[in-house]
Amino acid sequence: MIKLYNTLFALLLVTFLPGFAMAASSESRAETLTVSSPGDIHQIHFFLNEGIPYYSVDRIGQQILAPSRLGFEIRQMAGFDRNLTVLGSETSEFEETWEQVWGEKQYIDNHYRELRVDLGDANAESTRMTIVFRAYDDGIGFRYEIPEQPGLDRIHIMDERTEFTLTEDYTAWYIGAYQWNRFEYLTRTSPISEIDTVHTPLTLRSDDGLYLSFHEAALVDYSTMTLERISSEKGNDSSDQNRRNSSGKDHHITLKANLMPWADGVLVRTDTPMVTPWRTLQTADQPGDLITSYLILNLNEPNKLEDTSWIKPAKYIGIWWEMHLDKSTWGIGPNHGATTENAKHYIDFAAKHGFPHVLIEGWNVGWDENWYEEGAVFSFTEPVEGFDIEGVAKYARDRDVRIMGHHENSASVLHYEDQMEDAFAMYEELGVRGVKTGYVGHGREIIWYDDDGNPMREWHHGQFMVEHHQRVVELAASRKIALNVHEGVKDTGLRRTWPNLMTREVARGQEYNAWGDAEDLWDEGRGNPPDHVAYMPFTRMLSGPFDYTPGIFDLHYDEYRPDNRVNHTLAKELALYVVIYSPLQMAADLPQNYEANPEPFQFIRDVPADWHDTRVLHGDIGNYVTIVRKDRNSDDWFLGSLSNENSRVLMAPLDFLDPDKTWKAQIYRDGTDADWNKNPYDIVIEEKIVGHDTALPLRLAPGGGQAIRFTPVEGNQ
Ligand code: NOJ
């Protein structure tokens, strides 16, 4: 039964509701407006200092953001960052439990208190702006609204002044922004005082164990926010009174919103009325609590699709890994991967083992060209000679399988947009329910032409692409097609509003193990080092689902790529199905490698891609993680645990299991001699009877992992 209750408290005057306060502070400041989260965990304070807007944030009495600036520089009108007056304020409280169409948790509580502050020039009808703050117990969010007003129709944002002034020198985990290879980098760790400009989510830990994550929610019609460190000051040396630290800590480190610009330097082009994405800060005492915070989803608009019955989380296989290994090719030739015969072979395998989708890459015209350099070569509707797209799609449908479409456009976005409508219409006719998009292209390489025909080069994450991706999502929805986006924009929770926006890569995925180097962060091998997936749940994955493409069983593939390998044990590849959440989850290896290993393959067949609940049992960023998830469609629970290059034993209390039942644990664990480097195939598959009171030791090999399925034992329920 859907449990859904909404309570929107009537708007109340700030002074009348507990949790909201208005107080006079220092002389230069006007009143401070305060909003507290429902459980009084967070307080957000807003004030003007000589007309300049500031906010600060406390957590359980401790200041975690010192006074930090707000506002904009707008080309068409000055005064959105200074000379402002509070024209009014309103507060409200909201509480609901909403149901995800699919997800890592079925029912999500959304409970916050909101403070809206209307600002403007008291002597004119212009420079009107509202800042909306929401205080949750797991973090805070705020955004700006600029209404229609005289003299301001068009808006060019030249700077967003938003700052986040930290009160100590946190340890930071991040990837740098403005890089050649978009979001596809290994995680860096350093004191926050040493970062330059970084992508979000940005994860931090204080010396005494407070965890923070900065990100944004609902990125629509705006440019991606990166965070730039603009100052790193020691305690009382601070020249700015407003940054004075009341926390007793001796650092002020200011991060500032740095929006990825258009080619001409404008950061955002929009019209009034407008709203920005939410700027977010999640907080936790345990890193795992960042994973089970749903603040980003809560700050997105509810689902806009009336009919979602066609959107189904699922596992998929594909003509994919074989090209990354160089076993076959995307282009036509003697080893062409996407032949009619090979497609039918994959479809037979999918039908036999219960995979609803088969991804086919390389079936369309264009792959024989130098597409990597010049993407305006693809046709998204025309098959290469000999590939019977209609026959293959029907062959699939007749077996209750669908082909998963592929739109690699090599970042030639105008070329893609010209064909997009026809391409999605064709896939709909073929019965396709999911399309993987791809924007391979580097640095600032996305081209459009201005009125004089000059090429303008854009970043993958600037507003030009944010708008493009939104067009694709809406078009795909109109064709009942779900998306799996590669090389796209980072996730900001839009899957709540558009549940067909199911998953994305937008990080270093499994494919790097086929051909990638290891950057300067790992000198012992190539590809993704064993700790890569021990960072991801606490960093990239705080933004949303990740099409990492797990499940490689043949970890060495010497025949095709002798210098590359997967730097995990086999059991760890299984653990990824639980640790890395994706509603479209790939079984990435070649069918013959699964057929040769039916026992471990059973776990991939059994594990679902849609969950009722998620809990984190252990977490230490970059070291290890254990996640348990309950299947949305049965009583089963699944556990995934994994380690970096070190071995360890973690005790897993099984108190998430129903105490009234006896449970069978089907365990897939590292063998005694397992080691990602020397002995990665050593796996033990065994069964145990366990219960709510069991504490199960999880022994993880160096670079290892463990996967478990818990099923209630018949007759004991
Ligand atoms: C990069 C994507 O991440 C990968 O999955 C795909 O196979 C290639 N581009 C070709 O489209």
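Going by this note's numbering, the residue at position 197 of the sequence shown is 377; the numbering climbs one at a time, nothing skipped. Quick reminder that beta carbons are idealized off the backbone N, C-alpha and C, glycines included. Note that the structure is a prediction, hence the values are computed from the model and not measured.
| query | Does any heavy atom of ligand 1 sit closer than 7 Å to the C-beta of Val-652? | reply | The residue labelled residue 652 in the question sits at position 472 within the sequence shown. No, the beta carbon of Val-652 sits no closer than 7 Å to any heavy atom of ligand 1.
| said: On the criterion of 16 or more Cβ atoms from any shown chain inside 10 Å, does Asn-634 qualify as buried, or is it exposed? | reply: Here residue 634 is taken as the residue at index 454 of the sequence shown, counted from 1. The residue is exposed, with fewer than 16 neighbouring Cβ atoms inside 10 Å.
| Closest residue to Ala-518 among Val-572, Leu-479, Ala-530, Pro-482 (Cα-Cα distance) | Within the sequence shown, residue 518 is the residue found at index 338, counting from 1. That would be Val-572, whose Cα lies nearest to the Cα of Ala-518.
| request: Kindly indicate which residue of Gln-223, Thr-271, Tyr-474 has the alpha-carbon position closest to the one of Glu-279. | output: The residue you call residue 279 lines up with position 99 of the sequence shown. Nearest C-alpha to Glu-279: Tyr-474.
| Per DSSP, cross-strand counterpart(s) of Trp-817 | Here the question's residue 817 lines up with position 637 in the sequence shown. Partner(s): Lys-810, Phe-890.
| task | With DSSP collapsed to three states, give me the class of Tyr-596. | result | Locating residue 596 in the sequence shown gives position 416, where the first residue counts as 1. DSSP places Tyr-596 in helix when its eight states are reduced to three.
| message | Classify Asn-664: buried if its beta carbon has 16 or more other beta carbons within 10 angstroms, exposed otherwise. | response | Along the sequence shown, one-based indexing puts residue 664 at 484. By the 10 Å Cβ count, Asn-664 comes out buried.
| message | By alpha-carbon positions, which one of Glu-894, Arg-684, Glu-305 ends up nearest to Gly-331? | response | Looking up residue 331 in the sequence shown gives position 151. It is Glu-305.
| task | Starting from the Cα of Ala-523, find the closest Cα among Phe-567, Lys-495, Val-787 and give me that residue. | result | Position 343 of the sequence shown holds residue 523. Closest by alpha carbon: Phe-567.
| field | Cβ-heavy atom distance, Glu-685 to ligand 1, below 7 Å | value | Counted from its first residue, the sequence shown places residue 685 at position 505. At least one heavy atom of ligand 1 is nearer than 7 Å to the Cβ of Glu-685, so yes.
| said: If you measure between the beta carbons of Gly-905 and Tyr-737, is that distance less than 8 Å? | reply: Outside the shown range of the chain, which is 181 to 897, sits residue 905, and nothing can be said about it.
| said: Tell me which residues share the same chain as Phe-189 and place their Cβ nearer than 7 Å to its Cβ, disregarding the 5 neighbours each side in the sequence. | reply: Looking up residue 189 in the sequence shown gives position 9. The predicted model places Phe-189 with a pLDDT of 36, which falls under 50 and marks its position as unreliable, so this point remains unresolved.
| query | In the structure shown, what three-state DSSP assignment does Ile-626 receive? | reply | Indexing the sequence shown from 1 puts residue 626 at position 446. The three-state reading of DSSP puts Ile-626 in strand, counting E and B together.
| query | Candidates Ala-531, Asp-451, Ile-433: which alpha carbon is nearest Glu-401's? | reply | For this step, residue 401 is matched to residue 221 along the sequence shown. Inspection of the sequence shows that residue 401 is occupied by Asp rather than by Glu. Measuring from the Cα of Asp-401, the nearest candidate turns out to be Asp-451.
| Whole-angstrom Cβ separation of Val-808 and Leu-819, contact assumed at under 8 Å? | Here the question's residue 808 lines up with position 628 in the sequence shown. Here the question's residue 819 lines up with position 639 in the sequence shown. About 5 Å separates the two Cβ atoms, so the contact holds.
| request: Output the distance between the C-alpha atoms of Arg-949 and Lys-858, rounded to the nearest integer angstrom. | output: The chain is shown only over 181 to 897; residue 949 falls outside these bounds and no answer can be derived.
| request: Give the straight-line distance between the Cα atoms of Ile-433 and Ile-375, rounded to the nearest whole angstrom. | output: Against the sequence shown, residue 433 aligns to sequence position 253. Against the sequence shown, residue 375 aligns to sequence position 195. When rounded, the distance between both Cα atoms is 10 Å.
| request: Quick one: give me the first and last residue of the alpha helix (DSSP H) that Glu-774 is part of. | output: Counting from 1 along the sequence shown, the entry for residue 774 is found at position 594. Before going on, a small fix: residue 774 reads as Tyr here, not Glu. If you look at Tyr-774, you'll find it in the alpha helix (DSSP H) that goes 771-775.
| said: With a threshold of 7 Å (Cβ to nearest heavy atom), would Trp-278 be considered close to ligand 1? | reply: Within the sequence shown, numbered from 1, the residue matching residue 278 stands at position 98. Because no heavy atom of ligand 1 lies under 7 Å away, the Cβ of Trp-278 does not count as near it: no.
| said: Comparing C-alpha positions only, which one of Ile-661, Arg-577, Arg-579, Met-606 sits nearest to Gly-614? | reply: Here residue 614 refers to the residue found at position 434 when the sequence shown is read from its first residue. Closest by alpha carbon: Ile-661.
| If you scan the stretch 278-347 from start to end, which runs of the alpha helix (DSSP H) of 4 or more residues do you find wholly inside it? | Runs of the alpha helix (DSSP H) inside the stretch 278-347: none found.
| field | Own chain, CB closer than 7 Å to Glu-647, minus 5 neighbours either side, in chain order | value | Translated into the one-based positions of the sequence shown, residue 647 becomes position 467. Shown here for Glu-647: same chain residues with a beta carbon closer than 7 Å to its own, the five before and five after excluded, namely Asp-401 in chain order.
| said: Taking the alpha carbon of Gly-321 as the reference point, which residue from Leu-346, Glu-294, Met-338, Thr-345 has its own alpha carbon closest? | reply: Translated into the one-based positions of the sequence shown, residue 321 becomes position 141. Looking at the Cα atoms, Glu-294 is the closest of the given residues.
| query | Where do the ends of the beta strand (DSSP E) carrying Tyr-458 lie? | reply | Locating residue 458 in the sequence shown gives position 278, counting from the first residue. In the sequence under discussion, the amino acid at residue 458 is Trp, which differs from the Tyr named in the question. Bounds of the beta strand (DSSP E) holding Trp-458 are 458-464.
| task | May I ask which residues mark the beginning and end of the beta strand (DSSP E) holding Ile-583? | result | As a working mapping, residue 583 is identified with position 403 in the sequence shown. Element bounds for Ile-583: 582-588.
| request: Check the DSSP bridge columns for Ile-569 and list the partner residues they point to. | output: Along the sequence shown, read from residue 1 onward, the residue named residue 569 stands at position 389. Paired residues: none, contrary to the question.
| request: State the Cα-Cα distance for the pair Ile-801 and Glu-625, rounded to the nearest angstrom. | output: Taking the sequence shown and counting its residues from 1, the one referred to as residue 801 is at position 621. Taking the sequence shown and counting its residues from 1, the one referred to as residue 625 is at position 445. Near 33 Å, if we compare the C-alpha coordinates of Glu-625 and Ile-801.
| message | Quick test of the definition: if touching needs 3 or more C-beta pairs under 8 Å, does the stretch 351-368 touch the stretch 710-720? | response | By the Cβ rule, the stretch 351-368 counts as touching the stretch 710-720, because three or more pairs are nearer than 8 Å.
| field | Residue of Asn-747, His-504, Arg-785 minimising C-alpha distance to Asp-758 | value | On the sequence shown, residue 758 is found 578 positions in, with the first residue counted as 1. Checking the sequence shown, residue 758 turns out to be Val, not Asp. When each option's Cα is compared against that of Val-758, the closest is Arg-785.
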